[in-house]
Ligand code: AMP
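In the working numbering, the protein residues as written are 1433 to 1973.
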């Protein structure tokens, strides 16, 4: 017997319909690429997205076509996404921090037909476009006045282009399982792999994200997604913010401390999200200027481990709640969030920070387990590590074109490549990437635990730990440190600080100081490059 409830396909453009109907006057504020702060509303975005859809159809694009975007977080980028999805197209976000050859490779693999691009990236596009055979048109996210000179064919200014349509458009009626978006994983080894989101998965993901024990968002929030739309869908905020009708503040291309502070302050932002490196810059700016954060209530920190010292500063010095989150492009991306369950509600000080250092628990819609290499589940005891595996309606079941099949098993579990443990209350803690974990004398040492500890030292700005070959133990940890500005910490001082806080056999065998640690295009420490850099390094006896 079937239920007698309506078929109401979960389609992304219904999110924007809802935002325009219920929250039409709510603002979308953007730091435009041209410079000034601009203001539109959900009602404006709704109309302009339909103009985008109309124009795409008029130009001959069809449902299923991949339409790339190479752009910062702005209202225009958001409208383009919804316009693409609403005509049945598939938005494909490109990460401008990748090498041009990688971007061209990805575009060719996805067979992108059109590209929406910010002015910032025109020089990059001039290099890439001739290498992408499928590409028919470039739409520059600006107006006619700001259009740059270009040698490329078939380039239009977005504002002039959408001005040709009146926006009287009915969204395509689609199967909720139709593809709506695409994002390639950064691929530190091997070729990048394409994750293909569906309308259904994005809508469900947004519903998961807004829950009180996830991001906890409402129409009363003012949301600043610093995390770019090209990094795992801005962690879903481009869908969850309009779903609940929150004011959106889009940072454009400026993510330095003063620029982010300006938006937090002038727009009275209550909720923001980004990787730790962004927050390092903001905290440094606050410390230098003595400024406070009176409006901000919550910050979600993820993408790489959130150092304990960062959580402490936000909470103790600025009265901002930190939610440590973990996720992956393959998970749309949210996998777990560190809100506080009643079991931990009474904890204070360091005991509370111990819990917040974990990556949190899986919300409804994400199943999680840790297993050994033979796929046998490990206990949830908060210390036994294993390979972290997940499944759920917003988790990938394969990659575009059939790559990486070995990461998916027949029961639908996706092997994340992360190593973690889960405690009896369901809180998961990442201890490493499977590729980075240090194997010393047959036991595993967590590089993330050591890094978290080292950045707690007052003179350390950033730290990375890598395994160095060792004749007796196989591998031993080397701690690589970027000191804070104008500080010169001594090696023994840092080791002394760490001693007693981790098992003795985990202690790094040496510390080296560098000016900079290499990062990937999504802001993670690039361990492969770091290992190459220290390939010939020998540990002291
Ligand atoms: P991406 O798909 O680029 O978002 O990268 C996903 C990977 O980032 C995960 O598999 C983790 O290795 C890492 N990651 C994301 N969030 C965290 C976190 N909070 N702590 C530690 N690692 C994280």
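Ideal Cβ placement from N, Cα and C applies to all residues, glycine included.
{"Asked": "Segment limits, alpha helix (DSSP H) that includes residue 1959", "Found": "1959–1965"}
{"Asked": "Residue 1569 Cβ short of 8 Å to the ligand AMP heavy atom set", "Found": "no"}
{"Asked": "Separation of residue 1853 from residue 1593, as counted between CA atoms", "Found": "52 Å"}
{"Asked": "Touching by the beta-carbon criterion (3+ pairs, under 8 Å), the stretch 1454–1464 and the stretch 1502–1521", "Found": "yes"}
{"Asked": "DSSP state of residue 1639 mapped onto helix, strand, coil", "Found": "helix"}
{"Asked": "Cβ contact check for the stretch 1555–1565 and the stretch 1577–1588: 3 or more pairs under 8 Å", "Found": "yes"}
{"Asked": "Distance cut-off 8 Å: residue 1855 Cβ against heavy atoms of the ligand AMP", "Found": "no"}
{"Asked": "Alpha carbon of residue 1578 to alpha carbon of residue 1549, nearest angstrom", "Found": "13 Å"}
{"Asked": "Under the three-state DSSP convention, the category residue 1858 falls into", "Found": "coil"}
{"Asked": "Per DSSP, the bridge partner or partners of residue 1505", "Found": "1684"}
{"Asked": "Residue 1809 burial status per 10 Å Cβ neighbour count (16 or more: buried)", "Found": "exposed"}
{"Asked": "Chain-order list of residues whose beta-carbon lies under 6 Å from that of residue 1871 (same chain, five-residue window excluded)", "Found": "1906 and 1907"}
{"Asked": "Cβ pair residue 1634, residue 1764 closer than 9 Å", "Found": "yes"}
{"Asked": "Buried versus exposed, by CB contacts within 10 Å (16 or more), residue 1683", "Found": "buried"}
{"Asked": "Distance CB(residue 1671)-CB(residue 1727) smaller than 9 Å", "Found": "no"}
{"Asked": "Exposure of residue 1650, with buried meaning 16 or more beta-carbon neighbours within 10 Å", "Found": "exposed"}
{"Asked": "Distance CB(residue 1738)-CB(residue 1789) smaller than 9 Å", "Found": "yes"}
{"Asked": "Spatial distance of residue 1770 from residue 1641 (CA atoms)", "Found": "13 Å"}
{"Asked": "Residues near residue 1669 by beta carbon distance below 7 Å, same chain, minus five either side", "Found": "1655, 1657 and 1705"}
{"Asked": "Presumed contact (8 Å Cβ cut-off) between residue 1474 and residue 1496, rounded CB distance", "Found": "About 27 Å; that fails the 8 Å criterion."}
{"Asked": "Enclosing alpha helix (DSSP H) for residue 1730 [first to last residue]", "Found": "Careful: residue 1730 lies outside any alpha helix (DSSP H), inside the beta strand (DSSP E) at 1730–1733."}
{"Asked": "Start-to-end residues for the alpha helix (DSSP H) that takes in residue 1927", "Found": "1923–1930"}
{"Asked": "DSSP-derived helix/strand/coil call for residue 1555", "Found": "helix"}
{"Asked": "Residue 1791 Cβ short of 8 Å to the ligand AMP heavy atom set", "Found": "yes"}
{"Asked": "heavy atom of the ligand AMP below 8 Å from residue 1736 C-beta", "Found": "yes"}
{"Asked": "Under 9 Å between C-beta atoms of residue 1499 and residue 1547", "Found": "yes"}
{"Asked": "Close-in-space but distant-in-sequence residues of the same chain around residue 1665 (CB under 6 Å, 5 per side omitted)", "Found": "none"}
{"Asked": "Residues bridged to residue 1656 (per DSSP)", "Found": "1704"}
{"Asked": "Alpha helix (DSSP H) runs contained entirely in the stretch 1873–1936, provided each spans 4 or more residues", "Found": "1879–1886 and 1923–1930"}
{"Asked": "Under 9 Å between C-beta atoms of residue 1798 and residue 1781", "Found": "no"}
{"Asked": "The stretch 1681–1700 / the stretch 1858–1868 touching (three or more Cβ pairs under 8 Å)", "Found": "no"}
{"Asked": "Backbone secondary structure at residue 1758 - three-state DSSP", "Found": "strand"}
{"Asked": "Residue-chain proximity (residue 1750, chain C), Cβ-Cβ < 9 Å", "Found": "No chain C appears in the structure shown, which is made up of a single protein chain."}
{"Asked": "Residue 1829, DSSP secondary structure in three states", "Found": "coil"}
{"Asked": "heavy atom of the ligand COA below 8 Å from residue 1758 C-beta", "Found": "The ligand content of the structure shown is limited to the ligand AMP, which means the ligand COA is not among them."}
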